[in-house]
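A.B. asks: Position one of the sequence shown corresponds to residue 1 (the UniProt record's numbering), numbered consecutively onward.
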Amino acid sequence: MTASTDDAFATLLALAARELGFEYCAFGMRMPLPLSNRKLFMANNYPTAWQQRYGEANYLTVDPTVAHGIKSVVPLVWGETAMLDTERPFWEDARAHGLKVGWAQSSVSAAGTVGMLTLARSNEEISAAELSENAMRMSWLVHIAHEGMAHLVAAKRKAEQPILLTAREIEVLRWTADGKTSNEVGQIMAISERTVNFHITNSLEKLGANNKTAGVVKAAMLRLL
1 MTASTDDAFA TLLALAAREL GFEYCAFGMR MPLPLSNRKL FMANNYPTAW QQRYGEANYL
61 TVDPTVAHGI KSVVPLVWGE TAMLDTERPF WEDARAHGLK VGWAQSSVSA AGTVGMLTLA
121 RSNEEISAAE LSENAMRMSW LVHIAHEGMA HLVAAKRKAE QPILLTAREI EVLRWTADGK
181 TSNEVGQIMA ISERTVNFHI TNSLEKLGAN NKTAGVVKAA MLRLL
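#1: Give a yes or no on whether the C-beta atoms belonging to residue 41 and residue 142 are separated by under 7 Å.
#2: Measuring straight from C-alpha to C-alpha, what distance separates residue 134 and residue 202?
#3: Count the other CB atoms within 10 Å of the CB of residue 163; is the residue buried (16 or more) or exposed (fewer)?
#4: Taking buried to mean at least 16 other C-beta atoms within 10 Å of its own C-beta, is residue 181 buried or exposed?
#5: Apart from the five residues just before and just after residue 50, which ones in its own chain have a Cβ nearer than 6 Å to its Cβ?
#6: Exposed or buried, what is residue 223 when buried is set at 16 or more other beta-carbons lying within 10 Å of its beta-carbon?
#7: State the Cα-Cα distance for the pair residue 78 and residue 24, rounded to the nearest angstrom.
#8: Could you pull the DSSP bridge partners for residue 115 from this structure?
#9: Could you spell out the range, first to last residue, of the beta strand (DSSP E) harbouring residue 44?
#10: Hey, how far is the Cα of residue 52 from the Cα of residue 99?
#11: So, with DSSP's three-state summary, where would you put residue 79?
#12: Cα separation between residue 208 and residue 147?
#13: Indicate whether residue 31 and residue 113 have their beta-carbon atoms separated by less than 7 Å.
#14: Please state if the CB of residue 28 and the CB of residue 116 are separated by a distance shorter than 7 Å.
#15: May I ask you to report which of helix, strand or coil DSSP gives residue 223?
#16: Please look up how many angstroms separate the CB atoms of residue 46 and residue 90, rounded, as I've assumed it's under 8 Å.
#17: Measure the beta-carbon distance from residue 109 to residue 150 and round it to whole angstroms, keeping in mind my assumption that it falls under 8 Å.
#18: How should residue 211 be labelled, buried or exposed, when 16 other C-beta atoms within 10 angstroms of its C-beta is the threshold for buried?
#19: Are there 16 or more other CB atoms within 10 angstroms of the CB of residue 140, so buried, or fewer, so exposed?
#20: When the Cα of residue 102 is compared with those of 122, 86, 87, 92, which residue comes out closest?
#21: Roughly how many whole angstroms lie between the Cα atoms of residue 66 and residue 194?
#22: Would residue 44 and residue 16 be called neighbours here (beta carbons separated by less than 7 Å)?
#23: Rounded to the nearest angstrom, what separates residue 93 and residue 171 at their Cα positions?
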């Protein structure tokens, strides 16, 4: 799913959803960093009233589809009757806004981004026959949507300077990640402790990290190690 703008992406996603028999769709993708405030990107064609209600009620923290998607990439199907008592207020609110039945599946990319596709409609339940017929196409759409949104996000960040660590900096960080002190890393690599600290300082500056722990975590999350 290739699109050059957020609106184009949302339009293509909605078209694909309609071909599968769903009025509404949403794809959200959460970035792996920064750990303290992972940015969320979202595209959907939900009713405006539901989008407003979802935000005002902070439903992201209690949405059963999100909770499921965090734990598993197995698709989740919901309908008119499938709900726990604790989830009832959320589902009743969703149904009041036209989202009565639906399907959701999450995905995880090699870069560490977590995405989830939701397909919903206001009428008939999703039958076993429908699931059997469309299962592969729906799962395919999950991964295509993830790739498409990742492409958009990458384009937005294109102007940012990429993090380029030298081979020595990477090796130092790897040993540091294993719990080695600067002195121990120096002995292993046959360089001085001062040189080790020099590489660490340069790495932290490139990574925008305040200390070794934060630097190692960020480098690992970015798959630089």
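No residue lacks a Cβ here, since even glycine has one placed at the ideal position from N, Cα and C.
C.D. replies: Answer, in terms of the structure:
#1: The Cβ atoms of residue 41 and residue 142 lie no closer than 7 Å to each other.
#2: Taking the straight line joining both Cα atoms gives about 51 Å.
#3: Exposed, because fewer than 16 other Cβ atoms sit within 10 Å of the Cβ of residue 163.
#4: Under the 10 Å beta carbon count, residue 181 is surrounded by fewer than 16 other beta carbons and is classified as exposed.
#5: Contacts found: 97.
#6: With fewer than 16 other Cβ atoms from the protein chains shown falling within 10 Å of its own Cβ, residue 223 counts as exposed.
#7: Spanning the two alpha carbons is a distance of roughly 14 Å.
#8: DSSP lists 29, 107 as partners of residue 115.
#9: Run containing residue 44: 40 to 44, per the beta strand (DSSP E) assignment.
#10: Here the alpha carbon of residue 52 sits roughly 14 Å from the alpha carbon of residue 99.
#11: Coil, per DSSP.
#12: Their backbone Cα atoms lie some 27 Å apart in a straight line.
#13: Cβ distance < 7 Å, so residue 31 and residue 113 count as in contact.
#14: In this structure, residue 116 lies near residue 28, with their beta-carbon atoms less than 7 Å apart.
#15: Residue 223: coil per DSSP, three-state reduction.
#16: About 14 Å; that fails the 8 Å criterion.
#17: In this structure residue 109 touches residue 150 by the C-beta definition: roughly 6 Å separates them, less than 8 Å.
#18: For residue 211, the number of other beta carbons within 10 angstroms of its own is below 16, and it is reported as exposed.
#19: That one is exposed.
#20: Taking the Cα of residue 102 as reference, the smallest distance to any Cα among 122, 86, 87, 92 is reached at 122.
#21: The straight-line gap from Cα to Cα measures roughly 47 Å.
#22: No, these two residues do not count as a Cβ contact at 7 Å.
#23: Using only the alpha carbons, I get a separation of about 53 Å.
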